[in-house]
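A quick write-up on the structure given underneath.
In full-length UniProt numbering, the protein residues as written are 1 to 261.
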């Protein structure tokens, strides 16, 4: 059991787990996160079944798109492409998705999408760094849809602020869904649906915290176990003394349409 293991052993374990892709199965029994009620991968699979040409933006290791494509069988799209900016994930996504006929393209998260105007009737994304609305509007065909789950404001900030201290409101309010709605509308898109939820997370040992912060690198930029040893040790002692550390993630679901036929 984790509570019988030393701080040093747990930190070393969390620091050694590979971070590629978006497979979170290692966390089973060590950390948990409630899932949004809308079931993004299942809902995306339903959208895929009715689409012809599809783009998945910032696909990570391709796991979510792979799951969604499974849900779309046998009525899967004619063509599917995916972009990813982090080289280890590009390789992982290509290995997983190319056997399904998906074209995986290495593309920086903040660069224009490497596709022609009006190339897709469905654009998907799960947890993009930020929505590049002008590019989404450009590559969508008239009548096409952007369907995506975004990270919301101040997500897991109980953990972030344990390491970084209180954050200014400008940081806590980033990723605000209403601000993102305004960005979509400014790009000429119509927001047909926007739902938001706040979801409970629990970290049962410090290894899970270390691995999470190595994997979700924007939470505590530049995180290493060595640099944040005092905060890690304090949190370890708190978990041993009080039980799981509780935080809350925020998520919102966009259903956006490009006007036209």
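Cβ atoms here follow ideal geometry from the backbone N, Cα and C, with glycine treated the same way. It should be emphasised that the depicted structure is a prediction, and the values quoted were computed from it without experimental measurement.
Check: Classify residue 14 as buried or exposed, calling it buried when 16 or more other Cβ atoms lie within 10 Å of its own Cβ.; Outcome: buried
Check: Which first and last residues belong to the alpha helix (DSSP H) in which residue 122 is found?; Outcome: Where residue 122 is concerned, there is no enclosing alpha helix (DSSP H), although the beta strand (DSSP E) it sits in stretches over 120 to 126.
Check: Pull up the CB-CB distance for residue 61 and residue 23, whole angstroms please, since I reckon it's below 8 Å.; Outcome: 7 Å
Check: Have a look at residue 261 and residue 35 and give me their C-alpha separation to the nearest angstrom.; Outcome: 35 Å
Check: Which value, in whole angstroms, describes the spacing of the CA atoms of residue 240 and residue 5?; Outcome: 10 Å
Check: Measure from the alpha carbon of residue 233 to the alpha carbon of each residue in 254, 68, 210, then state which is nearest.; Outcome: 210
Check: What residue does the beta strand (DSSP E) around residue 177 start on, and which one ends it?; Outcome: Not the beta strand (DSSP E): residue 177 falls in the alpha helix (DSSP H), residues 177 to 186.
Check: Grab me the residues of residue 54's own chain with a C-beta within less than 8 Å of its C-beta, minus the 5 sequence neighbours each way, in chain order.; Outcome: 48, 77, 79, 80, 81, 120, 121, 122, 123, 124
Check: Measuring only the C-alpha atoms, how far is residue 27 from residue 208?; Outcome: 7 Å
Check: Just tell me which of 221, 250, 244, 214 has its CA closest to the CA of residue 11.; Outcome: 214
Check: Find the nearest neighbour of residue 199 within the set 151, 68, 25, judged by alpha-carbon distance.; Outcome: 151
Check: Taking only runs of the beta strand (DSSP E) that begin and end inside the UniProt domain "Methyltransferase type 11" (55 to 147), which ones reach a length of at least 3 residues, in chain order?; Outcome: 79 to 84, 103 to 106, 120 to 126
Check: Per DSSP, residue 219 forms a beta bridge with which residues?; Outcome: In the DSSP output, where bridge partners are listed per residue, residue 219 has none listed.
Check: Is the beta carbon of residue 146 less than 8 Å from the beta carbon of residue 189?; Outcome: yes
Check: Let me make sure I understand the geometry here. Which of 45, 129, 164 has the alpha-carbon closest to that of residue 74?; Outcome: 45
Check: Whole angstroms are fine: how far does the CA of residue 65 sit from the CA of residue 71?; Outcome: 10 Å
Check: Could you check the C-alpha separation between residue 222 and residue 126 for me, to the nearest Å?; Outcome: 23 Å
Check: Roughly how many angstroms lie between the CA atoms of residue 193 and residue 109, to the nearest whole one?; Outcome: 24 Å
Check: Where do the N-terminal and C-terminal ends of the alpha helix (DSSP H) with residue 229 fall, by residue?; Outcome: 229 to 242
Check: If I measure Cβ to Cβ from residue 253 and keep anything under 6 Å in the same chain, skipping five residues before and after, which residues do I get?; Outcome: 38, 149, 195
Check: Nearest to residue 128 by CA position, among 251, 258, 68, is which residue?; Outcome: 251
Check: Would you tell me roughly how many angstroms separate the C-alpha atoms of residue 1 and residue 229, rounded to the nearest one?; Outcome: Legend: pLDDT at residue 1 = 43, less than 50; position of this residue unreliable, value from coordinates given subsequently. Their backbone Cα atoms lie some 22 Å apart in a straight line.
Check: Under a three-way DSSP split, which group does residue 260 fall into?; Outcome: coil
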